[in-house]
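K.L.:
Residues in the sequence shown are numbered consecutively from 1, following UniProt numbering.
The C-beta atom is built at its ideal place from N, Cα and C for all residues, glycine as well.
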Amino acid sequence: MEVRQMATAYLFNEDKVLMLKRLGSRLPNEAFWSGLGGHLEPEELSHPKEACIREVYEESGIKSKDIIDLELKYILHRIKNSEIRLQYVYFGKTDMVDLAACDEGES
Numbered sequence: 001m002e003v004r005q006m007a008t009a010y011l012f013n014e015d016k017v018l019m020l021k022r023l024g025s026r027l028p029n030e031a032f033w034s035g036l037g038g039h040l041e042p043e044e045l046s047h048p049k050e051a052c053i054r055e056v057y058e059e060s061g062i063k064s065k066d067i068i069d070l071e072l073k074y075i076l077h078r079i080k081n082s083e084i085r086l087q088y089v090y091f092g093k094t095d096m097v098d099l100a101a102c103d104e105g106e107s
C-alpha cells in the first residue's frame, strides 16, 4: 500500500476562521469549504508542519511570520482503495485579513 500525506491548517482571527471554498470539487457541480492545505512534497514527509506553512502561503499569501501558535491538533488516517491517507490538522491564529488570490478556490 502507498501512503499519501496531507497537511491542513485552520487559522483563527478572533471569532472568524479562514477556510477555502474549493471550486474543483470531485463532486459534480459542487464546491466545498475546507482548511488551507494540501499534499506533502517528498522532501517534507518528515516535516508536515513546514508543508502546512508552505500550503498556507500558496493558498492565502500568509507568511510563516504571520502565523501565531500553529499546533498539531489531529492526525486523521483512513484507507482508500490501495492508499493509506494521513492528514495532519493544525490550528493556529493570524491577524492577517488581506489575502492573496488563489487558483484553488476562494477564501
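Hey, is the stretch 43–57 in contact with the stretch 65–77, meaning 3+ C-beta pairs nearer than 8 Å?
P.N.:
Contact between the stretch 43–57 and the stretch 65–77 is present, because at least three Cβ pairs lie under 8 Å.
K.L.:
Closest by CA to R22, which one among E59, I75, K16?
P.N.:
Along the sequence shown, read from residue 1 onward, the residue named residue 22 stands at position 22. Among E59, I75, K16, the Cα nearest to that of R22 belongs to E59.
K.L.:
Going along the chain, which residues of its own chain have a beta-carbon closer than 6 Å to the beta-carbon of H77, five neighbours each way excluded?
P.N.:
The residue given as residue 77 occupies position 77 in the sequence shown. If we look at H77 and ignore the five residues flanking it on each side, its Cβ neighbours are L86.
K.L.:
Taking the alpha-carbon of Y10 as reference, which of E43, P42, E83, E55 has the nearest alpha-carbon?
P.N.:
On the sequence shown, position 10 is the one that residue 10 refers to. For Y10, the nearest C-alpha among the options comes from E55.
K.L.:
Once you ignore the five residues that flank M96 on each side, which residues in its own chain have a CB closer than 6 Å to its CB?
P.N.:
Working through the sequence shown from its first residue, we reach residue 96 at position 96. So the list reads I62, D66, once near-sequence residues are dropped.
K.L.:
Quick one: complete beta strand (DSSP E) runs, 3+ long, within the UniProt domain "Nudix hydrolase" (2–107)?
P.N.:
Segments of the beta strand (DSSP E) lying fully in the UniProt domain "Nudix hydrolase" (2–107): 2–13, 16–18, 20–22, 32–34, 36–39, 67–80, 83–94.
K.L.:
Looking at C-alpha atoms only, which residue of V17, T8, A31 is the closest neighbour of G37?
P.N.:
Sequence index remark: in the sequence shown, residue 37 carries index 37 (1-based). Nearest of V17, T8, A31 to G37, Cα basis: T8.
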